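**Q** Chains A and B, in that order, are what the protein sequence lines are.
So the first sequence is numbered by numbering that gives the first Met the number 0: it starts at 0 and just counts up by one.
So the second sequence is numbered by numbering that gives the first Met the number 0: it starts at 0 and just counts up by one.
The structure follows.
Protein chains: 2
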Amino acid sequence: MRWIRFSAAGKTAYGILEGDRISEVAGDPFIGYERTNRVHSLAGVKIEVPVVPPTFYCAGRNYAIHSIKAGHDVPAKPDIGYRANNALIAHGENVVIPRDATENVVYEGELVVVIGKKAKHLSEKDALGCVLGYTIGNDVSERAWQRSDRTFWRSKNTDTFKPMGPWIETDVGLDAMETIVRLNGTEQIRFETNNMVFGVATFISAMTRYLTLYPGDVIWMGTEGTSPNIKAGDVVEIEITGIGTLRNPFVAEEVANARN
Amino acid sequence: MRWIRFSAAGKTAYGILEGDRISEVAGDPFIGYERTNRVHSLAGVKIEVPVVPPTFYCAGRNYAIHSIKAGHDVPAKPDIGYRANNALIAHGENVVIPRDATENVVYEGELVVVIGKKAKHLSEKDALGCVLGYTIGNDVSERAWQRSDRTFWRSKNTDTFKPMGPWIETDVGLDAMETIVRLNGTEQIRFETNNMVFGVATFISAMTRYLTLYPGDVIWMGTEGTSPNIKAGDVVEIEITGIGTLRNPFVAEEVANARN
């Protein structure tokens, strides 16, 4: 099942996406829902971020080549990190590159786990039982700030730096999935999505030893490989087979301000 | 004005605290409110976390002595960090020390800024205009995990490690405030709350160069000095003059589970 969050006629709602038709629901996939008799065409709505998480988790260095190319050891244990909600944008929205960013702005295509049920103390065997489904994230990063700052606050959490979407797919085969990143239509990298240093169940089990996961929490699972520098005018697509494609144009800050 | 978030008769609401009486409102201090005719006594309600933030910001190393004693240089610029909502608890609730924590569990008494208005690109001069008010936080930390882990996920964001409250005070004089920490009733440290490396306006101005602050966001401003090890059975009080006192008992994980 595909859960989509969308706006139409000034109202934001969840719906079930079947082909290119959205069956609007009352409620949401977390607290419960009922189908309404309102149906929309996918082309006729504004796609929104699929969920605004209570807590926004993100794994770092979770693919071997990406870690090694970045000059890091592969981590010895699953220490989860964080990103910030201010930076979230939806499929199709613009990533705005700040005026004073260096040229070293890059993409990171990531599988995103969406938690569906409150969870604590889950074994690895039971861990996936708290998952509602999966979506896609682009962990846009300004590498010079990432190196110079004490935290990731502006390198990874500048407004618009966290595209997420386009929707949540509940039925996936993790081992069959591929992540493909395209820059202006040209494939840059293709990797097995589930070839992680620590998999989804391992992270959830480790995290829930100490913390409670809540419905709507998201866990971004890290990325493989490296990215060329992305400049204003570029379009980045992250496809994960079985989910869909997250597509976002990059623009310069001046252009975006002029549009407001 | 003092904003309190509380539960009574199974319902959670905001109210205005006047002495020991709460005047319940419809709405909240962020989107707008109207006073109702419902009045509660402070002693008769359960105090809740004053706000569940969209994004939970926290400054590190923001007082000189704390930074130097921890073996760090005082930071050269205001790089904000993050904490996680799962860890929030209210005034009076128990901090639960995990079974496998070391003895090196400590408090950090902090001023908390509560954002009232959406804000971007604020000058230092205008920065405080987006602030609704101030509350108190205890940035409980497990120092061994803080050293051993790649992130602060369990050292600072284990469930219950972020007491916040008891309420939000909108009228304060930052330069007149003192922070006093008491352990089992005995004063441990007293410092000028506003004697920060980077003050509230400096952080807000720097942050909003790149990110949008939203109503309900909180910024924990860091702590001064060091803490003795806190053990189950201890009670930590953080008082900030002009706001109030945040009081939380510490318990061992077994005790807490047995109570559930």
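The beta carbon of each residue, even a glycine, is placed where N, CA and C say it ideally should be.
Since the model is a prediction, treat every value here as computed from it, not as a measurement.
1) Could you check what DSSP says for Glu92(A) in three-state terms: helix, strand or coil?
2) Can you give me the start and stop residues for the beta strand (DSSP E) that Asp27(B) sits inside?
3) Alpha carbon to alpha carbon, how far is Val104(A) from Val180(B)?
4) Using a Cβ-Cβ cut-off of 7 Å (strictly less than) and excluding sequence neighbours within five positions of Tyr81(B), which residues of its own chain qualify?
5) Here's a check: name, in chain order, each residue in its chain whose Cβ is nearer than 7 Å to the Cβ of Ser40(A), leaving out the five neighbours to either side.
6) Using a Cβ-Cβ distance under 9 Å, would Leu212(A) count as near chain B?
7) How big is the Cα-Cα spacing for Ser147(A) and Lys10(A)?
8) Compare the C-beta of Arg142(B) against all C-beta atoms of chain D and say whether one is closer than 9 Å.
9) Just checking: is the beta-carbon of Pro74(B) within a distance shorter than 9 Å of some beta-carbon in chain A?
10) Considering just the uninterrupted stretch of the alpha helix (DSSP H) at Arg146(B), what are its terminal residues?
11) Name, please, each residue of chain A whose Cβ falls closer than 8 Å to the Cβ of Asp158(B).
12) Using a Cβ cut-off of 7 Å, pull out every chain A residue sitting near Tyr62(B), in sequence order please.
13) Among Ile79(A), Ala100(A) and Ser66(A), which residue has its Cα nearest to the Cα of Ile203(A)?
14) Which residues does DSSP pair with Val104(B) in a beta bridge?
15) May I ask you to report which of helix, strand or coil DSSP gives Val199(A)?
16) Between which residues of its own chain and Gly132(B) is the CB-CB distance below 6 Å, once the five residues before and five after are set aside?
17) Any contact between the segment 32-50 of chain A and the segment 81-93 of chain A? By contact I mean 3 or more CB pairs, one from each, below 8 Å.
18) Using beta carbons (cut-off 9 Å, strictly below), is Ala200(B) in contact with chain A?
19) With C-beta atoms as the reference, is Met176(B) less than 9 Å away from Asn193(B)?
20) Show which residues of chain A have a CB atom less than 7 Å away from the CB atom of Arg146(B).
21) If you measure between the beta carbons of Glu189(B) and Pro74(A), is that distance less than 9 Å?
22) With 9 Å set as the bound, which would you pick, yes or no: does the beta-carbon of Asn269(B) sit closer than that to a beta-carbon of chain A?
23) Using CA atoms only, rank isn't needed, just tell me which of Val50(B), Gly14(B) and Pro53(B) is closest to Thr35(B).
24) Taking the straight line between their C-alpha atoms, what separation do you get for Val130(A) and Ile96(A)?
25) Identify every residue that forms a DSSP beta bridge with Ser6(B).
26) With burial defined as no fewer than 16 other Cβ atoms inside 10 Å of the residue's Cβ, what is the status of Thr101(B): buried or exposed?
27) Looking at chain A, is there any beta carbon in it that lies within less than 9 Å of the beta carbon of Ala89(B)?
28) Run through DSSP, which three-state label would Asn156(A) get?
29) Using a Cβ cut-off of 7 Å, which residues of the segment 5-16 of chain A contact any Cβ in chain B, in chain order?
30) Going by beta-carbon coordinates alone, are Tyr62(B) and Val235(B) separated by less than 9 Å?
31) So, at 7 Å on beta carbons, what are the nonlocal neighbours of Thr222(A) in its own chain, with the 5 sequence-adjacent residues on each side left out?
32) Applying the 10 Å Cβ sphere with the 16-neighbour rule, what's the burial state of Asn259(B)?
33) So Asp216(B) and Pro53(B) are supposed to be a Cβ contact under 8 Å. How far apart are they, rounded?
34) Considering just the uninterrupted stretch of the alpha helix (DSSP H) at Lys76(A), what are its terminal residues?
35) Would you check if the distance between the CB atom of Ala126(A) and the CB atom of Thr201(A) is smaller than 9 Å?
**A** This is what the structure holds:
1) Annotated three-state conformation of Glu92(A) is coil, per DSSP.
2) Annotation: the continuous beta strand (DSSP E) that includes Asp27(B) extends over Arg20 to Asp27.
3) The straight-line gap from Cα to Cα measures roughly 44 Å.
4) Cβ neighbours of Tyr81(B) within its own chain (closer than 7 Å, five residues either side excluded): Phe55, Tyr56 and Cys57.
5) Asp19 and Arg20
6) Yes, Leu212(A) lies at the interface with chain B (some Cβ there is under 9 Å from its Cβ).
7) 42 Å
8) Absent from the structure: chain D. Protein chains present are A and B.
9) yes
10) Arg142 to Ser147
11) Neighbours of Asp158(B) in chain A, taken as residues whose beta carbon is under 8 Å from its own, are Lys119, Tyr209, Leu210 and Thr211 in chain order.
12) Near Tyr62(B) there are no residues of chain A at all, since even the closest Cβ is about 15 Å away, more than 7 Å.
13) Ile79(A)
14) Glu141(B)
15) helix
16) Val113, Ile167, Glu168 and Thr169
17) yes
18) It does not; no Cβ of chain A falls within 9 Å.
19) yes
20) By Cβ distance, chain A contributes nothing, its closest Cβ being about 12 Å from Arg146(B), past 7 Å.
21) In the sequence on display, residue 189(B) carries Arg and not Glu. No, these two residues do not count as a Cβ contact at 9 Å.
22) No answer is possible for residue 269(B): the residues shown for chain B start at 0 and end at 259.
23) Ranking Val50(B), Gly14(B) and Pro53(B) by Cα distance to Thr35(B) puts Gly14(B) first.
24) 33 Å
25) Thr11(B) and Lys45(B)
26) Counting the other Cβ atoms within 10 Å of the Cβ of Thr101(B) gives fewer than 16, which makes it exposed.
27) For Ala89(B), the answer is no, since every Cβ of chain A falls outside 9 Å of its Cβ.
28) helix
29) none
30) no
31) Tyr62, His65, Glu107, Gly108, Glu109 and Asp138
32) Low confidence applies here, because Asn259(B) scores a pLDDT of 40, under 50, leaving its location unreliable and the question unanswered by this model.
33) Their Cβ separation, rounded to whole angstroms, is 6 Å, which keeps Asp216(B) and Pro53(B) in contact under 8 Å.
34) Looking at the DSSP string, Lys76(A) is not in any alpha helix (DSSP H), and its letter there is neither H nor E.
35) When the beta-carbon positions are compared, Ala126(A) and Thr201(A) come within less than 9 Å of each other.
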